[in-house]
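K.L.:
Once you've had a glance at the structure underneath, I'll fire off some questions.
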Amino acid sequence: MIKKLPIEALRPGMSIVKLSSDVWEHMPNLYTQPGIIRSGDEVRQIKERGFEHAFVEVEVPGELSLEKGLDAILAQCDHAGPAKFRVPFEQEIEAAFMAYENAMLHVRRIVSDVKLGRAVDYDASMATIDSIVETAVRNPNTLVCLSKLSRYDDYTYTHCINVAAISVVFGEFLGLGKKQLQLLGVAGMMHDLGKIAVPENIINKRARLNEAEFDQIRHHPQYGCDILGKQLSIPGEIIDAVRDHHEKYNGSGYPNGLKSNETSPMGRIISLADVYDALTSDRAYKDAILPNRALALMYGMREQDFDPLEVQIFIKSLGIFPAGSLVRLNTGFHALVYESNPMHPLLPKVKIILDKDLRPIQSETVDLATQWHAGKDGLEIVECVDPGAYRLNLKPFLRKRR
C-alpha cells in the first residue's frame, strides 16, 4: 500500500516510492529520492534538508494486488448513487469530441484575452461548459476517455479542459444539479488562470523549484481570484473554488492554509481532478502514471491532502480501470476500457482492439460484468498498460468503425 507520510514518521526499512510525474516538482518539501531508508540518521538528514513528506510503500500482511486492494477499499464506500439512464458510448462519443474541441478553443481565447487585459467572457464560458455538462449526464465515460487520450503538446489548455470535465463527471456522480455542474465546470476550466501572472520560466521549469519560485506558485490561486474578482458577473462560488483548489485536508496547502472544513466543496472537487489529471497526463519530458496507480497514490494522500471519504468516492466515480485505460486481458489481447462499473470496479466494459503483439484487430466490445453474472469463465483484466511506451494513439479506436 502506498502512503504519504511526514518525514518524522519514516523508519529504517521503509521504501520511498519512485514518482515519475512532474506534478511533484512544484513541491520542494516532498522527498522523492527512491530507495530504502537505511537508518534513523538518514531520516534526520532528510529532515534537516527541509523535506517534510514522502510517499512510501507500507507493507500490509496478506496485502492484495493494486487493483484488488483498491476494490477492497471501494467495498467500504457505500456511495453508489441511483441508477441512471446512459446513452450508449458509441452514440455519445462524437458529441464528446465536439464539446471537448470547442472547450479547447474557448480556453485559448480566455488565456489570450486575459493576457491582453480583457475581461473573461463569462456567458460564453457557461455556454461552452454546458456541452460538457450535457455529455457528462448522457455518458460521463466519453469525457473521461478523452481526458486520458489527449496529447501533451497542448498541456496548458488540455489540463484546464480535463480538470473541468473530470470535475463535472465527479459532480454528476455525486448528484449535483445542472446549474451547480455548470458552475463547477467553469471553475475547473479557470482554476489555473492565475498562472498567467507567474513567470513562464517558473511554470516551465523542469527541475525542483526553490523556495522563492515556489512562493510564486503558491500565489497563483489568489492571482486567479484577483483576475475573476474584477468582474461582478462571475459568481462567488467560482471564485471560491479557484482560490481553494490547492488547499489540503490537514491545512498544509496554499494560499491560505485552510483545512478541509474551511474550504469550498467545489474547490475540493477540483483539487481531486487537478491532481488526478496531472498524474495521468503525458508531457514532452515525462510519461504519465497509469490511471490505477495514480488513484492508489491519491488514496495514500488521504487524511493529509484529501478527505478520506471524498477520495474514496472520487475513485469509485472513475473506477479502478477508468475509461480510456489500455488493459491487457488474460488472453494476451489488449482492450480499451469503455465504461467503468461502480458496482463492480474490476469488471468494466471494454473494447478489444489489439492482439498480443499490439497489432490492430477487428474490434469487439465485451461487458466483463455481464459475462461474470452469466457465470462464464472468460475474459479478465491482467494489468494496465502504458500506451505511451508503445507510441500508441488510441483516439481513433474510440470512434465507431464503419
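Here the sequence shown is numbered in this note's numbering, starting from 696 and rising by one per residue. In this text, a Cβ means the ideal position worked out from N, Cα and C, and glycines have one as well.
Could you name the residues of the same chain whose beta carbon sits closer than 8 Å to that of residue 730, not counting the 5 residues immediately before and after it, in chain order?
P.N.:
710 and 711.
K.L.:
Does the segment 869–889 come into contact with the segment 1042–1058, if we say contact requires no fewer than three beta-carbon pairs (one atom in each stretch) closer than 8 Å?
P.N.:
No, because fewer than three Cβ pairs between the segment 869–889 and the segment 1042–1058 fall closer than 8 Å, the two stretches do not touch.
K.L.:
Return the chain-ordered list of same chain residues with a C-beta closer than 8 Å to the C-beta of residue 855, the five sequence neighbours on each side being excluded.
P.N.:
If we look at residue 855 and ignore the five residues flanking it on each side, its Cβ neighbours are 802, 883, 884, 885, 886 and 887.
K.L.:
Classify residue 870 as buried or exposed, calling it buried when 16 or more other Cβ atoms lie within 10 Å of its own Cβ.
P.N.:
So residue 870 counts as exposed.
K.L.:
With a cut-off of 8 Å on the beta carbons, I'd call residue 996 and residue 699 a contact; round off their distance for me.
P.N.:
About 5 Å; that satisfies the 8 Å criterion.
K.L.:
Quick one: residues in its chain with C-beta nearer than 7 Å to the C-beta of residue 1003, no 5 flanking neighbours on either side, listed in chain order?
P.N.:
Closer than 7 Å at Cβ, skipping near neighbours: 997.
K.L.:
Name the one or two DSSP bridge partners that residue 698 has.
P.N.:
The partner list for residue 698 (beta bridge, DSSP) reads 751.
K.L.:
Can you have a look at residue 938 and say buried or exposed, based on whether 16 or more other CB atoms are within 10 angstroms of its CB?
P.N.:
Per the 10 Å Cβ criterion, buried.
K.L.:
How many whole angstroms separate the CB atoms of residue 942 and residue 953, which I take to be in contact at a CB cut-off of 8 Å?
P.N.:
That pair is a contact at about 5 Å.
K.L.:
Would you report the Cα separation of residue 757 and residue 696, rounded to the nearest angstrom?
P.N.:
Caution applies to residue 757, whose pLDDT of 47 falls short of 50 and renders its modelled position unreliable; the value that the coordinates give is listed next. Looking at the two C-alpha atoms, the distance is approximately 11 Å.
K.L.:
Tell me, which residues are paired with residue 1079 by DSSP?
P.N.:
1022.
K.L.:
Is the separation between the beta-carbon of residue 724 and that of residue 750 shorter than 8 Å?
P.N.:
Taking 8 Å as the Cβ cut-off, residue 724 and residue 750 do not qualify as a contacting pair.
K.L.:
Per DSSP, what kind of secondary structure is residue 1015 in: helix, strand or coil?
P.N.:
Of the three classes helix, strand and coil, the one that applies to residue 1015 here is coil, per DSSP.
K.L.:
When the Cα of residue 849 is compared with those of 798, 929 and 727, which residue comes out closest?
P.N.:
Closest option to residue 849, Cα to Cα, is 798.
K.L.:
Using a Cβ-Cβ cut-off of 6 Å (strictly less than) and excluding sequence neighbours within five positions of residue 1058, which residues of its own chain qualify?
P.N.:
Same-chain partners within the cutoff: 1046 and 1048.
K.L.:
On the CB-based measure, 16 or more other CB atoms within 10 Å of its CB, does residue 931 come out buried or exposed?
P.N.:
The residue is exposed, with fewer than 16 neighbouring Cβ atoms inside 10 Å.
K.L.:
Kindly indicate which three-state DSSP category residue 902 falls into: helix, strand or coil?
P.N.:
DSSP places residue 902 in coil when its eight states are reduced to three.
K.L.:
Would residue 728 be called buried (16 or more neighbouring beta carbons within 10 Å of its own) or exposed?
P.N.:
Classification of residue 728: exposed, given that the 10 Å Cβ count is below 16.
K.L.:
Counting pairs of Cβ atoms below 8 Å between the segment 1008–1022 and the segment 1030–1042, do you hit three or more?
P.N.:
Enough Cβ pairs lie closer than 8 Å, so yes.
K.L.:
Please report the straight-line C-alpha distance between residue 974 and residue 808, rounded to a whole angstrom.
P.N.:
Computed Cα separation, rounded: 29 Å.
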